[in-house]
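Inspection log for the structure reproduced underneath, given as structure tokens.
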């Protein structure tokens, strides 16, 4: 029987509500959206820094479930300003290698100060 296993790590910000940082069911790992907060709760400034911190948070959440960024098959990026796509994309490209995960990027309104949020889906052997 397959069961849901919560991933939790102090190396990423704690959830701000009733959700998990990451969840594994079988070989599938889903990570909740992360933003540019350090594990201690400090929001870093600028799209490049927030993208880097966000992806570091996601790497930590994946690791809590026995996965890594190399296991990611899909990424969703939420940006507040289309003009900052190139800055986000430049940092993003330093975290992934070919063959790259599938990706969707949308432009949204996020809480004040947040410029980017990212969530991922990974497939990794338990």
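In our numbering, the protein residues as written are 679 to 804.
We treat Cβ as the ideally placed atom computed from N, Cα and C, and that holds for glycine.
How long is the line joining the alpha carbons of residue i and residue j, rounded to whole angstroms?
| i | j | result |
| --- | --- | --- |
| residue 798 | residue 790 | 23 Å |
| residue 760 | residue 787 | 12 Å |
| residue 792 | residue 757 | 9 Å |
| residue 804 | residue 705 | 6 Å |
| residue 768 | residue 752 | 18 Å |
Could you tell me if residue i is buried or exposed, where buried requires 16 or more neighbouring beta carbons within 10 angstroms of its beta carbon?
| i | result |
| --- | --- |
| residue 732 | buried |
| residue 784 | exposed |
| residue 748 | exposed |
| residue 654 | As shown, the chain starts at 679 and ends at 804. That puts residue 654 outside it, with no answer to give. |
Keeping to the same chain, check which residues put their C-beta closer than 6 Å to that of residue i; ignore five residues upstream and five downstream.
| i | result |
| --- | --- |
| residue 746 | 740 |
| residue 750 | 779, 798, 800 |
| residue 782 | 754 |
| residue 765 | 725, 726 |
To which residues of the same chain is residue i closer than 7 Å at the C-beta, ignoring the five residues directly before and after it?
| i | result |
| --- | --- |
| residue 690 | 699, 712, 717, 735, 738, 739 |
Tell me which same chain residues have a C-beta within less than 8 Å of the C-beta of residue i, skipping the five on either side of it?
| i | result |
| --- | --- |
| residue 710 | 693, 697, 698, 699, 700, 739, 797 |
| residue 728 | 713, 714, 721, 722, 792, 793, 794 |
**Message:** Any contact between the region 761–772 and the region 706–720? By contact I mean 3 or more CB pairs, one from each, below 8 Å.
**Reply:** no
**Asked** On the three-pair Cβ rule with 8 Å, is the region 681–696 touching the region 765–780?
**Response** no
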